[in-house]
Amino acid sequence: MVGTPPAWAPPRRPRAVVAAAVRLAPASRPVVAAPPRSVTPRPGRRPLAVVGRAATPPAVARPLVVRPPAPYVVPTPTHPDLVAAVVARLREWSGGAIATALGEATGVKKIWSDEVMGSPQLPWVRVTEIGEPTAVEAPESDGQSHYYGNGGQLQVSVFAAEKVQARDLRRSIIAALNDAPLVFDDGVLLGFWLHNGSYPPVKDPGVGVPTTYHAFATFTYFVDRTF
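Going by the working numbering, the letters in the sequence shown line up with residues 584 to 810, in that order.
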């Protein structure tokens, strides 16, 4: 019949699908590297080698200088025992601030060790050793015998007419003994460990003495006994 299409014909794809297939096809052209470009500075500008940072020269190895450590000089002991060293420390600390606050002067003793003679006027301080450390012998390579063990007990008591004054003096004493470099005839102090203190009133401390506040500080101490 005229104008009638054949019984079968291959299907046609849309033009958009054909164009997409052409774009997604792998390129068959070889990849050619671009030739190197020479960088020429523009007129009025310095070359990049001048503008950039200059190359750092290689480090020169220096010889290692080892200096011997400075020898530690142990101070010469000037006190017979720990209590005497503590008393001297309290008198000398901060230019004699504690002695001045106590009113200590020539002929007026306000810082006592162990035994207190008479009835001193308030305020005053007493330093006493209430516990001896337990020592264990440990010989060292220097030929001397060093002793270590459990710590001893040291108590510093402050007696004052007012609680505030007793508390302030106690604080000053703690500051004076903090990291104190104490050296005495039979050893060197290694450190103090402070325990809690209190401010109990003391009734009838002496004849004609009013009610007194007793502020004390108890320390555990460790010493290196060298004989």
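Cβ atoms here follow ideal geometry from the backbone N, Cα and C, with glycine treated the same way. If you're wondering where the values come from, they're calculated on a predicted model, not measured in any experiment.
Contact between F799 and Q738 is confirmed by a C-beta separation of about 6 Å, below the 8 Å threshold. Secondary structure note for S740: its beta strand (DSSP E) is the uninterrupted segment G735 to A743.
L773: member of the beta strand (DSSP E) spanning G770 to L777, first to last residue. The alpha-carbon of H778 is positioned some 18 Å away from that of V708. According to the DSSP assignment, E675 belongs to the alpha helix (DSSP H) that extends over L665 to E675.
With respect to the C-alpha of L665, the residue from P706, S702 and L773 having the closest C-alpha is L773. Ranking A749, M700 and S740 by CA distance to the CA of E712 puts S740 first. Sequence-distant Cβ neighbours of A667 in its own chain, meaning closer than 8 Å and more than five residues away, are S696 and F767.
If the five residues before and after Q748 are omitted, its C-beta is found closer than 7 Å to the C-beta atoms of P706, all from its own chain and listed in chain order. DSSP links T711 through a beta bridge to Q738. DSSP places S755 outside any beta strand (DSSP E); the residue lies instead in the alpha helix (DSSP H), whose first and last residues are K746 to L760.
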